[in-house]
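Novice: Here the protein sequences come in this chain order: P and U.
Residue numbering for the first sequence follows the numbering used here, beginning at 1 and increasing consecutively.
Residue numbering for the second sequence follows the numbering used here, beginning at 1 and increasing consecutively.
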Amino acid sequence: MKLSKEQMEYLEQMTMLRVPEELRPKMMEEIGQLVEYIQSLKFTDSEEEEDTPVITEEELREDKVKKEYKKEDIIANAPMQREDMFVVPKTISEQGEEVE
Amino acid sequence: MKSAVELAKRIQKGELTVEEVVEAVYASIEEKEKAYHCYISLRKKEEVLQEANLLQKEILAGAYAGSPIAGIPIAIKDNICTKGQKTTCASKMLEHFVPIYSAQVVERLKKAGAIIVGKTNMDEFGMGSTTQSSYFGVTKHPYDITRVAGGSSGGSAAAVAAGECILAIGSDTGGSVRQPASYCGIVGLKPTYGTVSRYGLIAYTSSLEQIGPMTATVEDCAAALEVLAGADEKDMTSRRRGNYDFTSALGQSIAGKRVALPKDFLVKGVQEEIRQAVYLAAEQFRKLGAVVEEIELGMSEYVIPVYCVVTAAEASSNLARFDGVKYGYRTKEYGTLQEMYEKSRTEGFGEEVQKRILFGSLVLSEAYYEEYYIKAKKLQNLLKRTYAKVFQAYDVVLGPVTPRTAPKISKSKKDSFTSRLEDIYTVPANLVGIPAISVPFGKDKKGLPIGVQLMADHFQERLLLQMAYALEQSQGKEEMCNETI
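1. Who are the neighbours of P/S93 on chain U, taking C-beta pairs under 9 angstroms?
2. Of all the beta strand (DSSP E) runs that stay within the bounds of the stretch 316-340 of chain U, which reach a length of 3 or more residues?
3. Counting contacts by CB-CB distance shorter than 8 angstroms, is U/C308 in contact with chain P?
4. How would you list, in chain order, the residues of chain U whose beta-carbon sits under 7 angstroms from the beta-carbon of P/M1?
5. Shortest alpha-carbon distance to U/E20 belongs to which of U/I72, U/T82, U/Q354?
6. Can you tell which of U/V303, U/L337, U/Y341 has its C-alpha closest to the C-alpha of P/Y37?
7. Would you mind reading off the limits of the beta strand (DSSP E) that contains U/P73?
8. Go ahead and label P/F43 buried or exposed: buried means 16 or more other beta carbons lie within 10 angstroms of its beta carbon, across all protein chains shown.
9. Does U/F359 have its Cβ less than 8 angstroms from a Cβ in chain P?
10. With 8 angstroms set as the bound, which would you pick, yes or no: does the beta-carbon of U/P305 sit closer than that to a beta-carbon of chain P?
11. Quick one: what's got a C-beta closer than 7 angstroms to U/T418's C-beta in the same chain, skipping five residues either side?
12. What does U/Y39 pair with, by DSSP beta-bridge criteria?
13. Locate the beta strand (DSSP E) running through U/M214, then write down its first and last residues.
14. How about U/F417: is its C-beta nearer than 8 angstroms to some C-beta of chain P?
15. Is it right to say U/Q380 is buried, meaning 16 or more other beta carbons lie within 10 angstroms of its own, or is it exposed?
16. Skipping 5 residues on each side, what residues in its chain have a beta carbon closer than 7 angstroms to that of U/A52?
17. Can you pull the DSSP bridge partners for U/L454?
18. Check whether the Cβ atoms of P/E83 and P/I92 lie closer than 8 angstroms to each other.
19. Using DSSP with H/G/I as helix, E/B as strand and the rest coil, what is U/D264?
20. Identify the contact partners of U/T336 in chain P, using a Cβ-Cβ distance below 9 angstroms as the criterion.
21. Using a Cβ cut-off of 7 angstroms, pull out every chain P residue sitting near U/S316, in sequence order please.
22. In the structure shown, what three-state DSSP assignment does U/T418 receive?
23. Within 7 angstroms: the Cβ of U/K377 and any heavy atom of the ligand COA?
24. Tell me, please, which residues DSSP counts as bridged to U/H141.
25. Kindly indicate the opening and closing residues of the alpha helix (DSSP H) around U/E219.
26. Can you tell me whether U/K467 is helix, strand or coil according to DSSP?
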């Protein structure tokens, strides 16, 4: 199966990735090969097996807040920081609209 | 290689000091690390010796009387968080990341008096089986540096085999502890899902992975598991077990134990010496009084496709957190937030990681979700029922770990899905959640180690290790490296 340009762009949109032009044909081909490889799943008889939950409701713990970390430690790994805030590009304009 | 348990006993008796063991390990590192590249980061020797000195006094004062690994230098795979020490997942994305907490397993190992020497090399985010996808370069096989040490816990396996640590821990999602253990001639165990807390393990496939010990001997493996295992309220998938004794059955008779040998595991594509090793292992079990029977397991043709779908789907979700905002790599030039996300992720992740994220999102997308992801989960359940039936009649399943011994380092990037067929024997244990161990069992004509795999039912590690110990002891002991501790 060959991945179409539109399918690739859709996947990139969903995953916040943007594969560089020179690597795109190879990436699209390899993903297409993977899709080809898993085709056998469609034709394998599985009956109607219920998915077993990993955690049951009885095993949930209480949602207790435990203050464990200092602010300075949490922010120490930030690529960009100011005082105790993470710095990111503007998301809301002065007019209060979402920035594209 | 030296046994952790034996060294720890000698330290407790005062026959050896912790500093002497640390010195010996660092001597190996100084001699071999440049050639093998087991580690991404190493602690400074002086710092570790200071810690060793303190530990030595505490051990002699009886502080670690019950611990089987007090004073032992260990290596930790670099996807397991160590507070204050870089944890990179072998990725540019986390090249400078320093965790503010340690993983539960690290806390447990420290409480048991182990000393961390460094963080080992791996495939980027655990995605791969050779360490060739590591941002920091490949780990070479200690027996032959033109070959890979395996992966994704390749650095940990090579470090134990080369004496650059006495014991290591890795993580196993589809064979990532057992395969490199097999390639490098050491013991590697993937515990039952839920046995060891995943808190602090940087997630790749949350529903399949387990942290496991990688050791010189089965006894070391059992002792290390006793230290690592335990329920943890910070990991809701960890189970409280009735029993954490994994060592007392070692050396007990295995007469009457029932071993299943799936014929389909050995039908085609297996290197002849590996096939012979498995049959020899079966013979050894028979000599020890166990019953070995060939069975038809079936189901192997869809195991890898199911694994591909489940792992990619969970990876695409788990790796969504890496966006260049709170930690990790951020691109240098960007305008909008969208651009920052896209460029940071595309520049920060390697090719293989990006491919799995894209493919994972495809199988979870509306058009394909039912057909691929839900179908894969249903087949996973069918596989669980198949193995459950086998374990009604048998105690363990015997087979190869890999179809071939350690391959050459490839100049071009290996095709990812043919290399996935190499995982055909290890992946079932992850999909089903059962414990599995790789035991070194001979070498091939080129002198490369061979491992055989045993699998047992859920929470049957005690039995699994008993059988593994019997197999190990049925061979002569072999020293890989000459060390004079």
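Ideal Cβ placement from N, Cα and C applies to all residues, glycine included.
Since the structure is predicted, the reported quantities are computational estimates derived from the model, not experimental observations.
Specialist: Well, looking at it:
1. In chain order: nothing, as chain U lies at least about 12 angstroms away.
2. Within the stretch 316-340 of chain U, no complete beta strand (DSSP E) segment of 3 residues or longer occurs.
3. yes
4. None at all; the shortest Cβ gap to chain U is about 11 angstroms.
5. U/I72
6. U/V303
7. 73-77
8. Flag for P/F43 reads exposed.
9. yes
10. yes
11. The predicted position of U/T418 is uncertain, since its pLDDT is 49 and thus under 50; a value taken from the coordinates is nonetheless stated next. Non-local beta-carbon contacts of U/T418 in its own chain, meaning distances under 7 angstroms to residues more than five positions away in sequence, are absent.
12. DSSP output for U/Y39 lists U/T120 as bridge partner(s).
13. 210-215
14. Reliability fails at U/F417, whose pLDDT of 49 lies under 50, so the model's placement of it is uncertain and no value is given.
15. buried
16. V18, E19, V22, I115
17. Answer is U/L398, U/I437.
18. no
19. helix
20. P89, K90, T91, V99, E100
21. T15
22. Its pLDDT being 49, under 50, U/T418 is placed unreliably in this model, and the value from its coordinates should be taken loosely. U/T418: helix per DSSP, three-state reduction.
23. Because no ligand of any kind appears in the structure shown, any question about the ligand COA cannot be addressed here.
24. U/D144
25. 218-228
26. Checking the sequence, you will find Met at residue 467 of chain U rather than Lys. In this structure, U/M467 counts as helix in the three-state DSSP scheme.
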